[in-house]
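Visitor: In this note's numbering, the protein residues as written are 532 to 1084.
Glycine residues also receive a C-beta, built at the ideal position from the N, C-alpha and C atoms.
Quick one: the structure is below, questions incoming.
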């Protein structure tokens, strides 16, 4: 449902009776989930004012009655000046004054004159890119009482929905209310340690370049903190957990370079990475794993604008950082996993439309190995995940989508070795898939969008089961998916996903302990251009689902 203030049309061609006969606006509020398809506003118009000396009158308003987003153009505001007989008055000096989160190029005033139709336009009026609120625009004309119009600029926030087995989901709670700008992207990490319910970490970057981080790990349970500014909001960051689960690592791009902040106690950084890279970093992904009796291993993959592929990993034997290939696609996000005895990392990326894999250890990196030979079309999306199980050093699963809509999946889990297999066709290549491992580390789950709907491919035991549609009650096409998985001793699968639709609906699913209620709607008003994030941990048997959206969500 969309509420909005009624506004008086400000149209130079409108007959005088339309303006003079207007009795004034009614006042209603505006907040709508669908408003993300257009600039996000509440509008109120002033009743026409009459000058005591000349009986001239002025009317002010905004032609666009929809809510406005941060940084929106507000120059559709204008004032109409008429004589007492309804004749447009040309060349009248009009001074616009603005209060609230908007300005005329940094100034609060703008002076202009009316045209032949008696209209003066608030040229150059732009909403703040950092904060929302009510903008009040006042127009002053000599001999005429000032008139005002208001517009509400809506700021987008980050929301978290916690889910606990047995009690279900809780209301969405807003995060980082002090952040400026909208949320550009958010990422999450999960790791499970023996005797620990789960460690989680989050990274969020705003459209103003702020980097916010949270690490609820064994060594630090600090809340959100602003750790850097000047980040590139166009490049999606990544999050991982390492150092026996006591550190959270938050990766982001700033001035074309890759940076990290480490969170444990007071934290460390920011620090620059990949000092030998050429070109700007355009893509990054990260992963972490835990091996019994060893330091938590973490790794990341970065691709630059020149096609370089960099792999970095922190193992028991130390940290390695190396250039592993060139000529990679700078527009496809790579996929990173950690697995194997003693710690190895796997770095997947796209080169010449094909999927490639480099296996990295502390001592060396293997030569690039081509995957998925003979597939139809170029690989346009990839995702991968690893999970810890005490009986197996690392479980891996991966998903790939081609330009022709093929969905390919593979799994290397406990008692389940499945090479790449074609699982579906007609898949939406614009939506990145999400992968998880469950079934007590014996199965893999591959989520993807097809025909605007969410689907799942599932491997268990000795192969893949038939695909199945999920979240059937959702409205709007699926535009963003994320997933998480973990293993806790004595429990079956730990799987969760979060999905956002084009209409701003947020849907989630948690298979934690014995709680498997299927998918349900977590909220609305989400920004469909921001991929949600999912983690498992915090409280025992709990999952968390993060998304960007309007207030209230």
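Where does residue 917 sit, in a helix, a strand or coil, going by DSSP?
Guide: If DSSP states are grouped into helix, strand and coil, residue 917 belongs with the strands.
Visitor: Give the secondary structure of residue 591 by DSSP, where H, G and I count as helix, E and B as strand, and everything else as coil.
Guide: Note: residue 591 maps to strand in three-state DSSP.
Visitor: What does a CB cutoff of less than 7 Å around residue 546 pick up in its chain, not counting 5 residues either side in sequence?
Guide: With a pLDDT of 31 at residue 546, under the threshold of 50, the predicted position of this residue should be treated as unreliable, though the coordinate-derived value follows. Closer than 7 Å at the Cβ level, and outside the excluded window around residue 546, lies no residue.
Visitor: Candidates 1074, 1036, 966: which alpha carbon is nearest residue 943's?
Guide: Of the listed residues, the one whose Cα sits closest to residue 943 is 966.
Visitor: Where in the segment 664-689 do unbroken runs of the beta strand (DSSP E), each at least 3 residues long, occur, reported from the N-terminal end onward?
Guide: Listed in chain order, the complete beta strand (DSSP E) runs (minimum 3 residues) inside the segment 664-689 are 664-672, 675-685.
Visitor: Taking contact to mean at least 3 C-beta pairs separated by less than 8 Å, is the segment 825-839 in contact with the segment 752-765?
Guide: With the cut-off at 8 Å, the segment 825-839 and the segment 752-765 do not touch.
Visitor: Which residue or residues does DSSP assign as beta-bridge partners of residue 786?
Guide: None; residue 786 has no bridge partner.
Visitor: For the 8 Å Cβ check, are there 3 or more pairs between the segment 997-1016 and the segment 703-714?
Guide: With the cut-off at 8 Å, the segment 997-1016 and the segment 703-714 do not touch.
Visitor: First and last residue of the beta strand (DSSP E) that includes residue 985?
Guide: First-last of the beta strand (DSSP E) with residue 985: 984-991.
Visitor: Might you give, ordered along the chain, the residues of its own chain that have their beta carbon closer than 6 Å to the beta carbon of residue 900, omitting 5 neighbours on each side?
Guide: Only 888 meet the Cβ criterion.
Visitor: Of the choices 788, 692, 869, 937, whose alpha-carbon is the least far from that of residue 1064?
Guide: Of 788, 692, 869, 937, the residue nearest in Cα terms is 692.
Visitor: From the DSSP secondary-structure annotation, give me the bridge partner or partners of residue 742.
Guide: According to DSSP, which records beta bridges pairwise, residue 742 is partnered with 736, 759.
Visitor: So the candidates are 720, 932, 610; which of them puts its Cα closest to the Cα of residue 679?
Guide: Comparing Cα positions, the closest option is 610.
Visitor: List the endpoints of the continuous beta strand (DSSP E) containing residue 879.
Guide: It spans 876-882 - the beta strand (DSSP E) in which residue 879 sits, taken as one unbroken run.
Visitor: Could you give the residue range of the beta strand (DSSP E) that holds residue 707?
Guide: No beta strand (DSSP E) contains residue 707, which DSSP labels as neither H nor E.
Visitor: Helix or strand or just coil, what does DSSP make of residue 952?
Guide: DSSP places residue 952 in strand when its eight states are reduced to three.
Visitor: Taking three-plus beta-carbon pairs below 8 Å as touching, is the segment 596-607 in contact with the segment 616-623?
Guide: Touching, no, given that fewer than three Cβ pairs across the two stretches are closer than 8 Å.
Visitor: Classify residue 864 as helix, strand or coil using the three-state DSSP reduction.
Guide: In the structure shown, residue 864 sits in coil (DSSP, three-state: anything other than H, G, I, E or B).
Visitor: Might you give, ordered along the chain, the residues of its own chain that have their beta carbon closer than 6 Å to the beta carbon of residue 1057, omitting 5 neighbours on each side?
Guide: Closer than 6 Å at the Cβ level, and outside the excluded window around residue 1057, lie 1031, 1035, 1037, 1078, 1080.
Visitor: Tell me where the beta strand (DSSP E) around residue 767 begins and ends.
Guide: Taken as a continuous stretch (DSSP letters only), residue 767 belongs to no beta strand (DSSP E), as it is neither H nor E.
Visitor: Residues in the same chain with beta-carbon distance under 7 Å from residue 981, minus the five sequence neighbours each way, listed in chain order, please.
Guide: Hits under 7 Å: 955, 957, 958, 959.
Visitor: Do residue 812 and residue 788 count as a contact pair if the criterion is CB distance below 8 Å?
Guide: The answer is yes: Cβ separation under 8 Å.
Visitor: Let me know the secondary structure DSSP gives residue 620 once reduced to three states.
Guide: DSSP places residue 620 in coil when its eight states are reduced to three.
Visitor: Does the Cβ of residue 644 have 16 or more other Cβ atoms within 10 Å, making it buried, or fewer, making it exposed?
Guide: That one is exposed.
Visitor: For residue 730, which of helix, strand or coil comes out of DSSP?
Guide: Looking at residue 730 - three-state DSSP - the assignment turns out to be strand.
Visitor: May I have the straight-line CA-CA distance separating residue 995 from residue 969, to the nearest angstrom?
Guide: If you take the alpha carbons of residue 995 and residue 969, they lie about 13 Å apart.
Visitor: With DSSP collapsed to three states, give me the class of residue 902.
Guide: Strand at residue 902.
Visitor: Going by DSSP, which residues form a beta bridge with residue 886?
Guide: Residue 886 is bridged to 881, 902.
Visitor: Just the Cα atoms here: how many angstroms apart are residue 589 and residue 688?
Guide: Those two C-alpha atoms are separated by around 37 Å.
Visitor: If we count the other Cβ atoms within 10 Å of its Cβ and call it buried at 16 or more, is residue 867 buried or exposed?
Guide: When all chains shown are included, residue 867 counts as buried.
Visitor: Alpha carbons only, please: which of 930, 759, 1052 is nearest the one belonging to residue 914?
Guide: Measuring from the Cα of residue 914, the nearest candidate turns out to be 930.
Visitor: Assign residue 701 to one of two classes, buried (16 or more other C-beta atoms within 10 Å of its C-beta) or exposed (fewer than that).
Guide: Residue 701 should be labelled exposed.
Visitor: Residue 669 and residue 695: beta carbons closer than 8 Å?
Guide: Against a cut-off of 8 Å, the Cβ pair of residue 695 and residue 669 comes out as no contact.
Visitor: Which of helix, strand or coil does DSSP assign to residue 712?
Guide: Three-state DSSP puts residue 712 in coil, outside helix and strand.
Visitor: Keeping to the same chain, check which residues put their C-beta closer than 6 Å to that of residue 1101; ignore five residues upstream and five downstream.
Guide: The requested residue 1101 is not part of the displayed model; the chain covers only 532 to 1084.
Visitor: Skipping 5 residues on each side, what residues in its chain have a beta carbon closer than 8 Å to that of residue 639?
Guide: The residues are 628, 629, 630.
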